[in-house]
Amino acid sequence: MTADTQATDTSDKPDYDSPWKEALERFFPEFLALLFLAIYDQIDWRVAPEFLDKELQQIGGNSPRGRRYADKLVRVRAKDGSDLYVLIHVEVQGDAESDFSARMFLYQTRLRDRYNIDVVSLAVLTDTSPSFRPKSFRHARWGCGIVFRFPMVKLLDYTTPERWAELEASDNVFALVVMAQIRAKVTDDAETLKRWKFRLMRLMYERGYERVLIEELFRIIDWMVRLPEKLEAEFRQELYALEEQYHMPYVTTVEQAGIEKGKILGMEQGVQQGEARTLLRQLDQKFGPEVVQTHRERIEQAELAQLDTWLGRILSAETPETIFH
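When you line the sequence shown up against this note's numbering, it's residues 1 to 325, in that order.
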């Protein structure tokens, strides 16, 4: 059994593909600055990167062995004024594939043939096999040969104490994404994984990140770091307490990010209390303390389903009565 299945519910396996695609699109400059600094320094960031998912789909093919990569194609402007394409392959499965380098070469040649433009291929390996380190594709026969090299980063290398300390000390927000992916892959014990997930969240608050940034990072980290239901509920309660400590306004990060995991066996009472506190904070922010006092008892005694309904109404409510009718 792999580390991923030990630390998560086997009926709800982690989806590393989707969070990586979202993370790359949202934090592309930070991604390059953290993992491929030499390339980051050659790009003219005054010109916004352009993501070309449709173009990538047109030149790609479905792998007969199933989805194993999160691929991104990005057009950027180099500092010398030329346009170039950055092709990123993120290997998101926990197994090494012998044809990975060939796939990198195939995409490189198809892109160059289709667009007649420079293509820079990058590989990020998130697997847990220490020996799987493809950096080139080679083929030769009868005096005719090809050598194709590409920059590669192996996230497993960051698990050493020195490299991990660099990630934790980094002010680059993408370091949090990398740490989340590493811990999701290498952590066998679910309780330990929960502590790491909370630690990553706490780092965001300690650094004073704006709420929108916290929500975006949380959605990606929550996608990567999946916990069994009971531990996920415990994590939520710890997060509620953390957000109260930092006086975060309105709805908590969990609900704002669209993650509804509160109705969990054995933890409903704690979740009910957390959602009641959330609703009371929202009322105070929107309508003032007098309205909070008027409705406090009703909210604190309400069932979880009723609280969910009221939470869904408050953002668009013009008066308290429209929430509780």
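Glycine is no exception: its CB is placed at the ideal position from the N, C-alpha and C atoms. Since the model is a prediction, treat every value here as computed from it, not as a measurement.
{"query": "Is residue 155 near residue 181, with beta carbons less than 8 Å apart?", "result": "yes"}
{"query": "Apart from the five residues on each side of it in sequence, which residues of its chain come closer than 8 Å, Cβ to Cβ, to residue 276?", "result": "299, 300, 302 and 307"}
{"query": "Using DSSP with H/G/I as helix, E/B as strand and the rest coil, what is residue 173?", "result": "coil"}
{"query": "Are there 16 or more other CB atoms within 10 angstroms of the CB of residue 54, so buried, or fewer, so exposed?", "result": "exposed"}
{"query": "Going along the chain, which unbroken runs of the alpha helix (DSSP H) with 4 or more residues stay wholly within the region 14–46?", "result": "17–26, 28–35 and 37–40"}
{"query": "By DSSP, does residue 274 sit in helix, in strand, or in coil?", "result": "helix"}
{"query": "Classify residue 79 as buried or exposed, calling it buried when 16 or more other Cβ atoms lie within 10 Å of its own Cβ.", "result": "exposed"}
{"query": "State the CB to CB distance for the pair residue 124 and residue 88, rounded to an integer number of angstroms; the pair is presumed to be in contact (CB under 8 Å).", "result": "7 Å"}
{"query": "Pair every Cβ in the region 181–190 with every Cβ in the region 222–231, then say whether three or more of these pairs are closer than 8 Å.", "result": "yes"}
{"query": "Among the candidates 312, 313, 159 and 278, whose CA atom is the shortest distance from the CA of residue 296?", "result": "278"}
{"query": "Starting from residue 121, trace the alpha helix (DSSP H) in both directions and tell me its first and last residue.", "result": "Looking at the DSSP string, residue 121 is not in any alpha helix (DSSP H); the run it does join, the beta strand (DSSP E), is 119–125."}
{"query": "From what residue to what residue does the alpha helix (DSSP H) around residue 102 run?", "result": "100–115"}
{"query": "Quick one: what does DSSP say residue 96 is sitting in, helix, strand or coil?", "result": "coil"}
{"query": "Report yes if the CB atom of residue 186 is closer than 8 Å to the CB atom of residue 128, and no otherwise.", "result": "yes"}
{"query": "Within the same chain, show all residues whose beta-carbon is closer than 6 Å to that of residue 134, passing over the 5 residues directly before and after it, in chain order.", "result": "100 and 101"}
{"query": "What's the call for residue 285, buried or exposed, on a 16-neighbour Cβ count within 10 Å?", "result": "exposed"}
{"query": "With a Cβ-Cβ cutoff of 8 Å, do residue 35 and residue 153 count as a contact?", "result": "yes"}
{"query": "Assuming residue 292 contacts residue 304 (C-beta within less than 8 Å), just tell me the rounded distance between them.", "result": "The Cβ separation is near 20 Å, so there is no contact."}
{"query": "What separation, rounded to the nearest whole angstrom, lies between the Cα atoms of residue 45 and residue 183?", "result": "31 Å"}
{"query": "Please state whether DSSP places residue 81 in a helix, a strand or coil.", "result": "coil"}
{"query": "Find the nearest neighbour of residue 49 within the set 57, 38 and 31, judged by alpha-carbon distance.", "result": "31"}
{"query": "By the DSSP assignment, the alpha helix (DSSP H) with residue 313 in it spans what residues?", "result": "304–314"}
{"query": "For residue 246, does the count of other Cβ atoms within 10 angstroms reach 16, so buried, or fall short, so exposed?", "result": "exposed"}
{"query": "In terms of residues, what are the limits of the beta strand (DSSP E) holding residue 225?", "result": "Looking at the DSSP string, residue 225 is not in any beta strand (DSSP E), and its letter there is neither H nor E."}
{"query": "The alpha helix (DSSP H) with residue 295 in it runs from where to where?", "result": "289–301"}
{"query": "Since residue 329 is in the alpha helix (DSSP H), which residue starts that stretch and which ends it?", "result": "Nothing about residue 329 can be read from this structure; the chain reaches only from 1 to 325."}
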